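Okay, so the sequence shown: first residue is 897 according to the numbering used here, each after it adds one.
Every residue gets a Cβ at the ideal spot worked out from N, C-alpha and C, and that includes glycine.
Please read all numbers here as calculations on a predicted model, not as lab measurements.
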Amino acid sequence: MRGGRGRLRGAGQGYDNVLGVAIGTGLGAGWIVDGKPVRLRDAASLKLGHMPVDPNGLACTCGLRGCLETRVSGPALALAYAERAGIDPSAVTGQMVQGAAESGDPAALAAIESMARWLAVGLASAVDLLRPNVVVIGGSVVGLGDLLFAPLRSAFAERVYPSLADTLILRARFGGGGRVDGRGPHGAAAQRQGPSH
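Below, the structure written as structure tokens:
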């Protein structure tokens, strides 16, 4: 997202307050104001993936429970699909879920919609606090396109503070976004220890 000398490129170009979100094997975020990353207490990244959203939720790789990343990531999507389809989670990849959804598989579509709703919860909270002009989402999961973005935008508008409902949610122009990668070092199947929603 960042060009030289504090200038943004890509989908964030032209905006002075940008929340960048990356969804792949995990969920990360960065905040850019006036073309510069905002440095936080101990890092330049926001711990959006470790925002608690469900106190009785899944165990996270960070040691906490109910983090947003347990619901919004490639591995989380693979697990959600496996549960709905009644198949072994270790055999599912994000690419399989994407292919199934593109073929109209109800379990895959429901898993993606659920992930979109959880992401909307996290983004609504972040937007309420940070007031970005735009949220730019990148990473492998954005390869889902409108299968993800349509329910995300709808759920976001229902959850964010009303005057912020027009905040733009855009797909990143650079990096990621090909096919969904549902496997990684933090495989969600290994995290399964709580009720599914």
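- Message: Rounding to the nearest angstrom, what Cα-Cα distance links L973 and R937 in this structure?
- Response: Start at 1 with the first residue of the sequence shown, and residue 973 comes out as number 77. Start at 1 with the first residue of the sequence shown, and residue 937 comes out as number 41. Approximately 31 Å between the Cα atoms of the pair.
- Item | Close beta carbons around D930, own chain, < 6 Å, minus the five adjacent residues each side | For the purposes of this step, residue 930 is taken as the residue at position 34 of the sequence shown. Cβ neighbours of D930 beyond the five flanking positions: D912.
- Within the same chain, show all residues whose beta-carbon is closer than 6 Å to that of Q909, passing over the 5 residues directly before and after it, in chain order. Taking the sequence shown and counting its residues from 1, one reaches residue 909 at position 13. Around Q909: no qualifying Cβ.
- Task: Leaving out five residues on either side along the sequence, give the residues of the same chain with a beta carbon under 6 Å from the beta carbon of G995.
- Result: Here residue 995 is taken as the residue at index 99 of the sequence shown, counted from 1. Correct list: empty, nothing qualifies.
- Whole-angstrom distance between I983 and I1065, CA atom to CA atom: As a first step, residue 1065 is located in the sequence shown; it is residue number 169 there, counting from the start. As a first step, residue 983 is located in the sequence shown; it is residue number 87 there, counting from the start. Taking the straight line joining both Cα atoms gives about 33 Å.
- Contact between the region 960-974 and the region 945-952 (3+ Cβ pairs under 8 Å): yes
- Query: Taking Cβ to Cβ, would you say V917 is nearer than 8 Å to I928?
  - Reply: Counted from its first residue, the sequence shown places residue 917 at position 21. Counted from its first residue, the sequence shown places residue 928 at position 32. No, the pair does not count as a contact, with Cβ atoms beyond the cut-off.
- Item | Residue of A1020, G1039, F1045 and R1027 minimising C-alpha distance to V993 | Walking along the sequence shown from the start, residue 993 turns up at place 97. Measuring from the Cα of V993, the nearest candidate turns out to be G1039.
- Task: Excluding the 5 residues preceding and the 5 following R1055 in the sequence, name in chain order all residues of the same chain whose CB lies nearer than 7 Å to its CB.
- Result: Here residue 1055 corresponds to residue number 159 of the sequence shown, with the count starting at 1. Taken in chain order, the residues that qualify are A1016, V1017 and A1020.
- Any idea what DSSP makes of P1097, helix, strand or coil? Coverage of the chain is limited to positions 897 through 1093, which leaves residue 1097 absent and any answer about it impossible.
- Just tell me which of R1067, V934, V1030 and V1023 has its CA closest to the CA of D1042. Within the sequence shown, residue 1042 is the residue found at index 146, counting from 1. Ranking the options by Cα distance to D1042, first place goes to R1067.
- Query: Smallest Cα separation from D1062: which of L1044, S1036, R1027 and G1034?
  - Reply: Counting from one through the sequence shown, the residue named residue 1062 turns up at place 166. Minimum Cα distance to D1062 is reached at R1027.
- Local conformation of V934 per DSSP, three classes: Looking up residue 934 in the sequence shown gives position 38. Three-state result, V934: coil.
- Message: Classify P1047: buried if its beta carbon has 16 or more other beta carbons within 10 angstroms, exposed otherwise.
- Response: As a position in the sequence shown, residue 1047 is number 151, starting the count at 1. Buried, because 16 or more other Cβ atoms sit within 10 Å of the Cβ of P1047.
- Neighbourhood of G922 by C-beta distance below 7 Å, restricted to the same chain and skipping five residues each side: The sequence position of residue 922 within the sequence shown is 26, counting from 1. So the list reads G945, E965, S969 and H1082, once near-sequence residues are dropped.
- Task: Within 10 angstroms of the Cβ of N998, are there 16 or more other Cβ atoms? Answer buried if so, exposed if not.
- Result: The residue labelled residue 998 in the question sits at position 102 within the sequence shown. For clarity, residue 998 is Glu in the given sequence; the question names Asn instead. Exposed, by the Cβ-count rule.
- Could you check if S1059 is buried or exposed, using at least 16 other CB atoms within 10 Å of its CB as the buried criterion? Numbered from its first residue, the sequence shown carries residue 1059 at position 163. Classification of S1059: exposed, given that the 10 Å Cβ count is below 16.
- Straight-line Cα distance separating R1069 from R1075: If you number the sequence shown from 1, residue 1075 lands on position 179. If you number the sequence shown from 1, residue 1069 lands on position 173. Bear in mind that the predicted position of R1075 carries a pLDDT of just 44, short of 50, making it too unreliable to give a figure here.
- Task: Confirm, please, whether the CB-CB distance from G920 to S1036 is below 8 Å.
- Result: Counted from its first residue, the sequence shown places residue 1036 at position 140. Counted from its first residue, the sequence shown places residue 920 at position 24. Their beta carbons are under 8 Å apart, which means S1036 touches G920 by this criterion.
- Bounding residues of the beta strand (DSSP E) (the contiguous stretch that carries R1067): Numbered from 1 along the sequence shown, position 171 holds the residue referred to as residue 1067. Where R1067 is concerned, the enclosing beta strand (DSSP E) stretches over L1064 to R1067.
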